[in-house]
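Asker: My questions will all concern the structure given below.
Shown next as structure tokens:
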């Protein structure tokens, strides 16, 4: 194996590690937990890792290509429902039109 091929292989490995860290942080939210007990923290980390494995499996099976596009599509209805429920019966907060 030539030096150029070794460098290319190392760069590919490095990029895969970077992608792993980005997905596990941004999509699986491994750093975002609101518990303090060690057992619950370990449960959260395990769940985030299992979510990552499931995402990789789905990408491998071509269920979706881009994890960020999938995440956006997944959460769009959740956000819409939250907004709809939140503004329900709050029409009095909307600006009223004044007719002259």
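In the UniProt record's numbering, the protein residues as written are 1 to 100.
Using N, Cα and C, we set each Cβ at its ideal position, and we do this for glycine too.
Predicted model, so just to flag it, every value in this text is computed and none were measured.
1. List the endpoints of the continuous alpha helix (DSSP H) containing residue 24.
2. Going straight from the alpha carbon of residue 76 to that of residue 62, what length do you get?
3. What is the rounded straight-line gap between the Cα of residue 124 and the Cα of residue 20?
4. With 16 other CB atoms within 10 Å as the buried threshold, where does residue 55 fall?
5. Are there 16 or more other CB atoms within 10 angstroms of the CB of residue 67, so buried, or fewer, so exposed?
Answerer: Once the coordinates are examined:
1. In the chain shown, counting from the first residue as 1, residue 24 sits at position 24. Taken as a continuous stretch (DSSP letters only), the alpha helix (DSSP H) holding residue 24 covers 3-26.
2. Counting from 1 along the chain shown, the entry for residue 76 is found at position 76. Counting from 1 along the chain shown, the entry for residue 62 is found at position 62. In this structure, the straight-line span from the alpha carbon of residue 76 to that of residue 62 is close to 21 angstroms.
3. What is shown of the chain runs 1 to 100, which leaves residue 124 out entirely.
4. Within the chain shown, residue 55 is the residue found at index 55, counting from 1. Looking at its Cβ environment, which holds 16 or more other Cβ atoms inside 10 Å, residue 55 is buried.
5. Numbered from its first residue, the chain shown carries residue 67 at position 67. Counting the other CB atoms within 10 Å of its CB gives residue 67 a total of 16 or more, which places it among the buried residues.
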